[in-house]
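Visitor: For what it's worth, the numbering used here labels the leading residue of the sequence shown as 1, then goes sequentially. Can you read through this structure? Questions will come right after.
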Amino acid sequence: RKKEWDEYFHDLDETLSNALQLSPQRGVLTEDMDAELDRLYRDHVALPRYRRAAAETPSTRAAIRTRINQVFRRAGIYRPMQKGVPVEEFTYPGDSLRLDYSYRSNGTRGFVHALTISGDVAQAKVLAFTAESIRGKLAKTTFTAVAEMRPVPGNRQHQFVARLL
Numbered sequence: 001r002k003k004e005w006d007e008y009f010h011d012l013d014e015t016l017s018n019a020l021q022l023s024p025q026r027g028v029l030t031e032d033m034d035a036e037l038d039r040l041y042r043d044h045v046a047l048p049r050y051r052r053a054a055a056e057t058p059s060t061r062a063a064i065r066t067r068i069n070q071v072f073r074r075a076g077i078y079r080p081m082q083k084g085v086p087v088e089e090f091t092y093p094g095d096s097l098r099l100d101y102s103y104r105s106n107g108t109r110g111f112v113h114a115l116t117i118s119g120d121v122a123q124a125k126v127l128a129f130t131a132e133s134i135r136g137k138l139a140k141t142t143f144t145a146v147a148e149m150r151p152v153p154g155n156r157q158h159q160f161v162a163r164l165l
């Protein structure tokens, strides 16, 4: 009887190997067989559950940029935007900072950059320095910093970043 099962599983493995993967048999000790079967099903068969990205609050620059990309694409303005704009022509040679987006409109050069106000305050300082350097070289500019949230009134760090920019 065991030989029949072994042959059956071998045939399954040979014919369905691209659609079905059989793992080696393992024993399990449990007090609640139903709960253990549910766990095994979740771990090995069920599709993983992911939270929707749109429902999450972006908390990193990369997540904020991803959200900006989605908004710009939906608005139809993503393609004409210049992306990853080097700033060394406005600051100093060797400055490796790249602003996320740039555009031109009616003689004005605009810049958009993702920034976390709950994270590293130094990012905001660098952006403020860069904006002043660019304003010194270009007559008409606008800057937009996109953050993960509005500054919270009682949060000193948030208020510092808001005043800085």
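Think of the CB as a built atom: it goes at the ideal place given N, C-alpha and C, for glycine as much as any other residue.
(1) Please go through the region 134 to 158 and give each complete alpha helix (DSSP H) segment of 4 or more residues, from N-terminal end onward.
(2) Anyone know if the C-beta pair for K140 and T108 falls short of 7 Å?
(3) Kindly indicate which three-state DSSP category Y8 falls into: helix, strand or coil?
(4) Mind checking whether V112 and T144 have CB atoms under 7 Å apart?
(5) Please state if the CB of A114 and the CB of L164 are separated by a distance shorter than 7 Å.
(6) Shortest alpha-carbon distance to D120 belongs to which of F160, L138, T142, Y92?
(7) Output the distance between the C-alpha atoms of G76 and D95, rounded to the nearest integer angstrom.
(8) Determine the DSSP secondary structure at R109, reduced to helix, strand or coil.
(9) Alpha carbon to alpha carbon, how far is L97 from E88? Give it in angstroms, no decimals.
(10) Identify whether Q82 lies in helix, strand or coil by the three-state DSSP scheme.
(11) Between which residues of its own chain and H158 is the CB-CB distance below 6 Å, once the five residues before and five after are set aside?
(12) Using DSSP bridges, identify the partner residues of R104.
(13) The alpha helix (DSSP H) spanning L37 covers which residue range?
Guide: Let me lay it out:
(1) none
(2) yes
(3) helix
(4) yes
(5) no
(6) F160
(7) 31 Å
(8) strand
(9) 8 Å
(10) strand
(11) I117, P151, V152
(12) R109
(13) 33 to 44
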